[in-house]
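First comes the structure, then the notes that go with it.
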Amino acid sequence: MSKIAKAFAGGKAFIPFITCGDPDMKTTAAVVRAAAANGADLIELGIPFSDPTAEGPVIQGANLRALEGGATTDKVFALVRELRKDVTVPMVFMTYANVVFSYDAEKFIATCGEIGIDGLILPDLPYEEKEEFLPLCRQYGVDLISLIAPTSENRIAMIAREAEGFIYLVSSLGVTGMRSEIKTDLASIVKVIRENTDVPCAIGFGISTPEQAGKMAAISDGAIVGSAIIRLLEQHGKDAPQYVGEYVKSMKDAILPFNQ
Amino acid sequence: MTNPNGRFGIHGGQYIPETLMNAVIELEQAYNHYKNDPQFCAELSELFNEYAGRPSRLYYAAKMTADLGGAKIYLKREDLNHTGAHKINNVLGQALLAKKMGKTRLIAETGAGQHGVATATAAALMGMECVVFMGEEDTKRQALNVYRMRLLGAEVIPVKTGTATLKDAVSEAMREWTSRIADTHYCLGSVMGPHPFPTIVRDFQAVISKEIKEQMRQKEGRLPDAVIACVGGGSNAIGSFYHFIEDEGVRLIGCEAAGRGIDTFETAATISTGRIGIFHGMKSYFCQDKFGQIAPVYSISAGLDYPGVGPEHAYLHDIGRAEYVAVTDEEAVQAFEYLARTEGIIPAIESAHAVAHAMKLAPTLGKDKIIVITISGRGDKDCAAIARYRGEDIHE
Chain A
1265 MSKIAKAFAG
1275 GKAFIPFITC
1285 GDPDMKTTAA
1295 VVRAAAANGA
1305 DLIELGIPFS
1315 DPTAEGPVIQ
1325 GANLRALEGG
1335 ATTDKVFALV
1345 RELRKDVTVP
1355 MVFMTYANVV
1365 FSYDAEKFIA
1375 TCGEIGIDGL
1385 ILPDLPYEEK
1395 EEFLPLCRQY
1405 GVDLISLIAP
1415 TSENRIAMIA
1425 REAEGFIYLV
1435 SSLGVTGMRS
1445 EIKTDLASIV
1455 KVIRENTDVP
1465 CAIGFGISTP
1475 EQAGKMAAIS
1485 DGAIVGSAII
1495 RLLEQHGKDA
1505 PQYVGEYVKS
1515 MKDAILPFNQ
Chain B
54 MTNPNGRFGI
64 HGGQYIPETL
74 MNAVIELEQA
84 YNHYKNDPQF
94 CAELSELFNE
104 YAGRPSRLYY
114 AAKMTADLGG
124 AKIYLKREDL
134 NHTGAHKINN
144 VLGQALLAKK
154 MGKTRLIAET
164 GAGQHGVATA
174 TAAALMGMEC
184 VVFMGEEDTK
194 RQALNVYRMR
204 LLGAEVIPVK
214 TGTATLKDAV
224 SEAMREWTSR
234 IADTHYCLGS
244 VMGPHPFPTI
254 VRDFQAVISK
264 EIKEQMRQKE
274 GRLPDAVIAC
284 VGGGSNAIGS
294 FYHFIEDEGV
304 RLIGCEAAGR
314 GIDTFETAAT
324 ISTGRIGIFH
334 GMKSYFCQDK
344 FGQIAPVYSI
354 SAGLDYPGVG
364 PEHAYLHDIG
374 RAEYVAVTDE
384 EAVQAFEYLA
394 RTEGIIPAIE
404 SAHAVAHAMK
414 LAPTLGKDKI
424 IVITISGRGD
434 KDCAAIARYR
444 GEDIHE
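Keeping their order, the protein sequence lines are chains A and B.
With the numbering used here as the guide, the letters of the first sequence map in order to residues 1265 to 1524.
With the numbering used here as the guide, the letters of the second sequence map in order to residues 54 to 449.
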């Protein structure tokens, strides 16, 4: 069983997203530890990118603050090395194809394997382009996470059959960010996914409240939350770890009742 | 020139969110169907000729030729097209295609505003809704074009993120497209972005080189020795080059914006200073730092102020078929003034980059040689900015 699969073995997973270096690496480390201590099953670490085309204004802001604060890929690797001394929860990177490609894809993915990064989410790397990095991911034991969107339709089965680690099901059209309501018929997408793979499926984009997380967990294997956490960092800066910890606990508590 | 996966050598591809994949697949299928449909071709041809004013003139610049004392110079007058630039060629093609696909809304990015104006124009003509994303910085540099778009019924959204220029307008248009696909076509303005855009835009712009070839045969009975065009994303350049790619004797020269110089950070010369990367849906050359962060670029020309270049140009560079040179702000402004005084033609500051290089090249060639410069647009929009560059404070 891959380390990512273990994150889902104990029931519905709660997956927080944190942009590394927002506002600084020391705060990120404290936020990750707070999330892990409060029940996060898997943590998505964002490596900032100058032009994050899949992100809404909140996460764009985090990318900008992190880069202005001097965050680099090397500093993110150093952060993970430090965290891995005591944090055992599975961790994946979320970034953009150019961050991996321009670092030298082999050097980047080999480093992920070496420092204990379990997967890689690249929102601008669809099924058609995954060969760009998949052979290297296999070589170094890093799961390349597949995304499925409300518009995937006839592509769902094809993507699901080759998925590794977990499937990131995008809840809504558009970019990341909080939404008051998620209208997509996700249950029917999950049904097609289940018919084609045993790989767990977590839903992200637009989830911010415990109620929404519960609804998503009820129809899938977990909920991913980004913008709502980034908002806490935006509001509280270096004091954010405590608030993120409390928030993660409230979300984890909300999805627990949906465990069979 | 494209392989089935939208690759030009190693460049191109479809590096976009899954949310958009079915949209680009649907677009490719529709394009492959309509490009060979006689009725579609007849309608587009009618729009090109009767509405846009094609074919555009191939003008022999006698005074410029005599003044520079070398190669014979012809100007391909895309500036005479309706809306004042080559952008209308691509926009009429895409708008007609979108309409056939049942789309009712066009969105577009724009830098100098020429593509935005062209898109707003086509939307007005075809009764479609239109939203144009434009960097806030560019809305200030090109205020007149903002007004033109609004006059044509389009909504102009100033983009405040990042460097608030063309790349940010592209990012924001992509974000908008992921949120509203069913009724909306993203009318991309250059030979960039994910497949099939670089191919579709090239095919609609290829009318430029098709006409140059015919007009050259009529006027000179032979092919030119060099074709020169400016390159931002590269749509007027690829349009000017395309039908000459197989004619090895024709030099193809793309002129990038060097801004304050390629040895400074204030440049937009992607092939001269960038390296290979993946951004805005394509693999190509980009101005970026060692960690792949896209660099803030600079040029006096809002239309060339982009940190990447279309994948087919990257490929033509790799195989050595086309040459790419860098032209500074100062050289472009001098060429802008020179063409105005010498031929009575005010070129767009973008096109002035191509004129500037031709001014260096022509004197080095014999009088039996022929150069074609594509004047991609007219320069009315640039007059206030160039006056300011020269220290005259005029307001529109």
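We put the CB at the ideal spot given by N, CA and C, even for glycine.
Nothing here was measured: the structure is a model prediction, and the numbers come from that model.
In the segment 234-277 of chain B, which residue ranges form an unbroken alpha helix (DSSP H) of at least 4 residues, counting only runs that do not cross its ends?
250-258 and 260-273
In chain order, which continuous runs of the beta strand (DSSP E) of length 3 or greater are located wholly inside the segment 284-372 of chain B?
304-312, 328-332 and 334-339
Strictly below 7 Å CB to CB, what residues from chain B border A:F1365?
G330, I331 and G345
Can you tell me whether A:L1450 is buried or exposed? The criterion is at least 16 other CB atoms within 10 Å of its CB, across all chains shown.
buried
Against chain A, with Cβ distances strictly below 9 Å, would B:P70 count as a contact?
yes
Just to confirm before moving on: does the CB-CB distance between B:V244 and B:T427 stay below 9 Å?
no
Where A:E1428 and A:A1421 are concerned, what is the direct C-alpha to C-alpha distance, given to the nearest angstrom?
The alpha-carbon atoms of A:E1428 and A:A1421 are separated by roughly 14 Å.
Apart from the five residues on each side of it in sequence, which residues of its chain come closer than 7 Å, Cβ to Cβ, to B:T326?
I315, T320 and C340
One question on the structure: do A:F1397 and A:A1374 come within less than 9 Å of each other, judged by their Cβ atoms?
9 Å or more divides the Cβ of A:F1397 from the Cβ of A:A1374.
Mind listing which residues of the segment 1395-1421 of chain A have their C-beta closer than 9 Å to chain B's C-betas, in chain order?
E1396, S1410, L1411, I1412, A1413, P1414, T1415, S1416, E1417, N1418 and R1419
Is it the case that the Cβ atoms of A:V1364 and A:A1300 are separated by a distance below 9 Å?
If you check the CB distance, A:V1364 and A:A1300 do not come in under 9 Å.
Could you tell me whether any Cβ in chain A is nearer than 9 Å to the Cβ of B:A321?
no
From B:A138, B:H86 and B:M227, pick the residue whose C-alpha is nearest to that of A:P1387; which is it?
B:M227
Applying a beta-carbon distance threshold of less than 9 Å, which residues of chain B neighbour A:V1456?
Near A:V1456 there are no residues of chain B at all, since even the closest Cβ is about 14 Å away, more than 9 Å.
Please report the straight-line C-alpha distance between B:H370 and B:V184, rounded to a whole angstrom.
34 Å
Would you check if there are 3 or more beta carbon pairs closer than 8 Å linking the segment 399-407 of chain B to the segment 99-106 of chain B?
no
Using a beta-carbon distance below 9 Å, is A:F1357 in contact with chain B?
no
Quick one: which chain A residues come within Cβ less than 9 Å of B:G455?
What is shown of chain B runs 54 to 449, which leaves residue 455 of chain B out entirely.
As a quick exercise: from B:C94, B:Y68 and B:T323, pick the residue whose alpha carbon is nearest that of A:E1393.
Taking only the C-alpha atoms, the option nearest A:E1393 is B:Y68.
In its own chain, which residues sit with a C-beta less than 6 Å from the C-beta of A:P1474, not counting the 5 before and 5 after it?
S1514, M1515 and A1518
I need the straight-line Cα distance from A:K1276 to B:G312, nearest angstrom please.
Spanning the two alpha carbons is a distance of roughly 54 Å.
Whole angstroms are fine: how far does the CA of B:A348 sit from the CA of B:I160?
One alpha carbon belongs to B:I160, the other to B:A348, and they sit about 25 Å apart.
Three or more C-beta pairs under 8 Å: does that hold for the segment 249-263 of chain B against the segment 166-173 of chain B?
no
Extract the residue ranges of the alpha helix (DSSP H) inside the segment 150-189 of chain B, only unbroken runs of 4 or more that lie entirely within it.
167-179
Express the C-alpha separation of B:S337 and B:M54 in angstroms, rounding to a whole number.
Residue confidence is low: B:M54 scores 47 on pLDDT, short of 50, so the model does not pin down where it sits. No coordinate-derived value is stated.
Report yes or no: do the segment 1454-1463 of chain A and the segment 1497-1510 of chain A share at least 3 C-beta pairs separated by less than 8 Å?
no
Compare the C-alpha of B:L150 against each of B:K420, B:V284 and B:H238 and name the closest.
B:H238
Just list the residues that DSSP pairs A:C1465 with in beta bridges.
Per DSSP, A:I1431.
Roughly how many angstroms separate the alpha carbons of B:Y359 and B:G285, rounded to a whole number?
Taking the straight line from one Cα to the other gives about 6 Å.
Anything in chain A within Cβ reach of B:R228, meaning under 9 Å, just list it in chain order.
T1317, A1318, E1319, G1320, G1438 and V1439
For the candidate residues A:R1329, A:F1341 and A:I1483, whose alpha-carbon lies nearest to that of A:V1456?
A:I1483
Measuring alpha carbon to alpha carbon, tell me which of B:L133, B:S352, B:R431 and B:A176 ends up nearest B:I399.
B:R431
Please identify, using Cβ separations under 7 Å, the residues of the segment 211-224 of chain B that lie next to chain A, in order along the chain.
T214, G215, K220 and S224
Consider the Cβ of A:Q1324: report whether some Cβ of chain B lies at a distance smaller than 9 Å.
Yes, its Cβ sits closer than 9 Å to a Cβ of chain B.
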